[in-house]
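Asks: My structure is below; once you've seen it, I'll send some questions.
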Amino acid sequence: MKILVIGGGGREHAIVSALKNADVYCIMAKKNPGIIKSVKKYLIHTETDADAVVAFAKECGVEFAVIGPEAPLQAGVSDALNEAGIPVVGPRKAAARIETDKGFCRDLMKKYQIPGSPAYKICKTPDEAVSYIREYKGDLAVKPTGLTGGKGVKVMGEQVDREGAARYASTLKDQNIILEERLLGEEFTLMAFTDG
Amino acid sequence: MGSYSLETHAFPFVTEKDYADAFSIMQKTVAALAAEGCPYQGILYGQFMNTRDGPKVIEFNARFGDPEAMNVLTLLTSDFAVIAEHICKGTLSPADVSFAPLASVCKYIVPDGYPEAPKTGEALSFTPQDGVTVYYANVVEEDGVLKTLTSRTMAFVGVGKTLADAEQLAETACRGVRGNVRYRKDIGTEALFAKRISHMNGLRK
Numbered sequence: 001m002k003i004l005v006i007g008g009g010g011r012e013h014a015i016v017s018a019l020k021n022a023d024v025y026c027i028m029a030k031k032n033p034g035i036i037k038s039v040k041k042y043l044i045h046t047e048t049d050a051d052a053v054v055a056f057a058k059e060c061g062v063e064f065a066v067i068g069p070e071a072p073l074q075a076g077v078s079d080a081l082n083e084a085g086i087p088v089v090g091p092r093k094a095a096a097r098i099e100t101d102k103g104f105c106r107d108l109m110k111k112y113q114i115p116g117s118p119a120y121k122i123c124k125t126p127d128e129a130v131s132y133i134r135e136y137k138g139d140l141a142v143k144p145t146g147l148t149g150g151k152g153v154k155v156m157g158e159q160v161d162r163e164g165a166a167r168y169a170s171t172l173k174d175q176n177i178i179l180e181e182r183l184l185g186e187e188f189t190l191m192a193f194t195d196g
Numbered sequence: 197m198g199s200y201s202l203e204t205h206a207f208p209f210v211t212e213k214d215y216a217d218a219f220s221i222m223q224k225t226v227a228a229l230a231a232e233g234c235p236y237q238g239i240l241y242g243q244f245m246n247t248r249d250g251p252k253v254i255e256f257n258a259r260f261g262d263p264e265a266m267n268v269l270t271l272l273t274s275d276f277a278v279i280a281e282h283i284c285k286g287t288l289s290p291a292d293v294s295f296a297p298l299a300s301v302c303k304y305i306v307p308d309g310y311p312e313a314p315k316t317g318e319a320l321s322f323t324p325q326d327g328v329t330v331y332y333a334n335v336v337e338e339d340g341v342l343k344t345l346t347s348r349t350m351a352f353v354g355v356g357k358t359l360a361d362a363e364q365l366a367e368t369a370c371r372g373v374r375g376n377v378r379y380r381k382d383i384g385t386e387a388l389f390a391k392r393i394s395h396m397n398g399l400r401k
């Protein structure tokens with residue numbers, strides 16, 4: 001089996017290692033010293049360049065692809081590969097909104113009455129968010145709705161107080177802001193393979 | 197900068213019902229996406245807060261977590277290529293997926309000064325160790341010498357019969373790295389774990 005992996009971080013090194021009996025090819029932005037030892041061929045290139053990914057996939061003759069990071073998902077790399085007849089482990093752009101647009105995720109859970117969502121409010125401007133934060137009784141989590149590389153969330157009672165939360169929200173220009181009821185408890189993650 | 201899993205693939209502060217509820221939330225979300233005309237094929241990562249009212253979604257990610265991928269893929273005993281093929285064909289079955297009944301602790305080493313002012317270009321070296329899998333991340337090899345870049349450098353995954361065994365292996369591996377790097381000593385320790393269990397018990401009262 002010939003498989004293309006997109007991405008060159010620690011996660012992708014683990015993905016490449018887990019593809020035990022396959023011929024693995026990789027496209028990555030930086031040359032990962034672990035990945036290059038375990039793949040047939042690699043290309044150092046921007047991982048979000050859909051045309052380049054498709055061209056490399058065709059050149060290597062891969063049967064399918066596995067996308068590691070979120071940025072190529074948002075950039076439509078899965079869509080481009082699927083359209084070129086190469087199926088992908090990694091959702092198309094529209095389905096990846098579950099991660100890339102936090103407002104979409106909450107609205108979807110609400111529409112389908114899926115339990116497990118905190119109370120939330122999507123604000124279109126920093127001013128709207130600031131007034132909501134000042135009037136809300138209780139602690140909130142302040143998040144930009146888009147991708148932030150894991151660094152965009154500020155929680156009242158943890159990193160910021162009410163004024164700090166308002167100040168932070170006022171800096172989030174040109175994007176929607178989502179305000180969510182603060183959740184108290186212990187975190188855990190659950191990961192699933194799904195064929196849809 | 198790290199993650200851990202137990203040999204039971206569960207946590208004492210997450211009841212069977214909490215787990216079933218979280219799993220059901222994920223299934224319903226995948227079904228909702230299909231109903232919206234955007235079927236989801238891949239890895240769905242659910243980040244949950246286990247509250248006194250059960251699991252709540254902090255957020256979903258549309259891919260493996262990093263570092264969590266390194267825990268689960270190290271423990272995966274089935275061939276990921278077969279799983280991937282079945283995801284693509286829409287023929288995935290739970291029988292395709294099995295994991296070793298072992299605990300794992302993944303620790304990242306990072307450049308000194310990370311994340312505010314990471315020191316880049318710092319040489320580092322390590323000696324491979326039994327029971328520890330090494331994954332390279334944001335690191336470059338120049339003339340045979342590994343050097344730090346700006347982000348997390350590399351990960352060491354210890355696998356053992358218990359959390360304590362796995363933690364010890366990852367800890368020893370990180371401590372043995374020569375170079376201007378650091379790592380968190382508390383990931384997967386019994387002390388941190390006991391704190392989480394007691395916090396959850398307190399919330400449930």
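Residue numbers (our numbering), protein chains in the order written: chain S, 1 to 196; chain U, 197 to 401. Heads up, the beta-carbon is just placed ideally off N, CA and C, and yes, glycines get one too.
1) Suppose you measure from the CA of Gly164(S) to the CA of Ile98(S); what does that come to, to the nearest Å?
2) If Asp139(S) sits next to Gly157(S), beta carbons under 8 Å apart, how far is it from one beta carbon to the other, in whole angstroms?
3) Measuring alpha carbon to alpha carbon, tell me which residue in Gly317(U), Thr385(U) and Gly372(U) is nearest Val301(U).
4) My understanding is that Met350(U) touches Phe209(U), with C-beta atoms under 8 Å, so please give their C-beta distance in whole angstroms.
5) Could you pull out every residue in the same chain whose Cβ sits closer than 8 Å to the Cβ of Thr323(U), ignoring the five residues on either side in sequence?
6) Given a threshold of 16 other Cβ atoms within 10 Å of its Cβ, counted over all protein chains shown, does Thr270(U) qualify as buried or as exposed?
7) Closest Cβ-Cβ distance between Val77(S) and chain U: below 8 Å?
8) By how many angstroms is the C-alpha of Asp326(U) removed from the C-alpha of Glu12(S)?
9) Do the segment 39-56 of chain S and the segment 348-363 of chain U touch if we need at least three Cβ pairs shorter than 8 Å?
10) Rounded to the nearest angstrom, what separates Tyr414(U) and Pro251(U) at their Cα positions?
11) Beta strand (DSSP E) containing Ser201(U): first to last residue?
12) Quick one: list the residues of chain S neighbouring Pro208(U), beta-carbon separation under 9 Å, in chain order.
13) For Ala74(S) versus Leu183(S), is the C-beta distance shorter than 8 Å?
14) Using C-beta distances below 7 Å, list every residue in its chain close to Ile393(U), excluding the 5 sequence neighbours before and after it, in chain order.
15) Strictly under 8 Å for the Cβ-Cβ distance: is Phe352(U) near chain S by that measure?
16) Go ahead and pull the three-state DSSP assignment for Asn397(U).
17) Please name the residue, chosen from Lys303(U), Ala390(U) and Phe256(U), that lies closest to Leu369(U) on a Cα-to-Cα basis.
18) Anyone know if the C-beta pair for Pro91(S) and Gln237(U) falls short of 8 Å?
19) Alpha carbon to alpha carbon, how far is Ile27(S) from Ser201(U)? Give it in angstroms, no decimals.
20) Per DSSP, Asp139(S) is paired with what?
21) If the cut is a Cβ gap below 8 Å, which residues of chain U does Phe64(S) touch?
22) Give the secondary structure of Pro72(S) by DSSP, where H, G and I count as helix, E and B as strand, and everything else as coil.
23) Could you tell me the distance, in whole angstroms, from the CA atom of Tyr168(S) to the CA atom of Val341(U)?
24) Express the C-alpha separation of Thr100(S) and Arg106(S) in angstroms, rounding to a whole number.
25) So which residues of chain S does Asp262(U) contact, with C-beta pairs closer than 7 Å?
26) Please report whether the beta-carbon of Gly398(U) lies at a distance below 8 Å from any beta-carbon of chain S.
27) Going by the beta-carbon positions, is the gap between Lys357(U) and Leu298(U) smaller than 8 Å?
28) Could you spell out where the alpha helix (DSSP H) holding Ser78(S) opens and where it closes?
29) Assuming Gly233(U) and Thr189(S) form a contact by the criterion Cβ under 8 Å, report the distance between their Cβ atoms to the nearest whole angstrom.
30) When you compare the CB of Tyr112(S) with every CB in chain U, is at least one pair closer than 8 Å?
31) Closer than 8 Å between beta carbons: that is the criterion. Which residues of the segment 11-43 of chain S meet it against chain U?
32) Work out the CA separation of Val293(U) and Ala192(S) for me, nearest whole Å.
33) Taking DSSP as the reference, what is the three-state secondary structure of Gly354(U)?
34) CB Tyr112(S) to CB Cys60(S), shorter than 8 Å?
35) Would you say Tyr331(U) lies against chain S (beta-carbon separation less than 8 Å)?
36) Within 10 angstroms of the Cβ of Gly375(U), are there 16 or more other Cβ atoms? Answer buried if so, exposed if not.
Replies: This is what the structure holds:
1) 28 Å
2) So it is a contact: roughly 5 Å between Cβ atoms.
3) Thr385(U)
4) The pair is not a contact, with the Cβ atoms about 30 Å apart (cut-off 8 Å).
5) Within the same chain, Thr323(U) has close Cβ partners Gly372.
6) Burial call: buried.
7) In terms of beta-carbon proximity, Val77(S) stays away from the interface with chain U, with every pair separated by 8 Å or more.
8) Computed Cα separation, rounded: 22 Å.
9) no
10) Summary: the structure shown does not reach residue 414(U), with chain U confined to residues 197 through 401, and so no result is reported for it.
11) Gly198 to Ser201
12) Correct list: empty, because the minimum Cβ distance to chain S is about 10 Å.
13) It is Gln, not Ala, that sits at residue 74(S) in the sequence shown. Cβ distance not < 8 Å, so Gln74(S) and Leu183(S) don't count as in contact.
14) Pro208 and Phe209
15) no
16) helix
17) Checking the sequence, you will find Ala at residue 369(U) rather than Leu. Considering only Lys303(U), Ala390(U) and Phe256(U), the residue with the shortest C-alpha distance to Ala369(U) is Lys303(U).
18) Between Pro91(S) and Gln237(U), the C-beta gap is smaller than 8 Å, which places the two residues in contact.
19) C-alpha separation (whole angstroms): 30 Å.
20) DSSP lists no partner for Asp139(S).
21) Ala280, Glu281 and Cys284
22) helix
23) 41 Å
24) 12 Å
25) The answer, in chain order, is Gly9, Gly10 and Arg11.
26) no
27) Cβ distance < 8 Å, so Lys357(U) and Leu298(U) count as in contact.
28) Val77 to Glu83
29) The pair is not a contact, with the Cβ atoms about 28 Å apart (cut-off 8 Å).
30) yes
31) Arg11, His13, Ala14, Ile15, Ser17, Ala18, Leu19, Lys20, Asn21, Ala22, Lys30, Lys31, Asn32, Pro33, Gly34 and Ile35
32) Their backbone Cα atoms lie some 10 Å apart in a straight line.
33) strand
34) no
35) yes
36) buried
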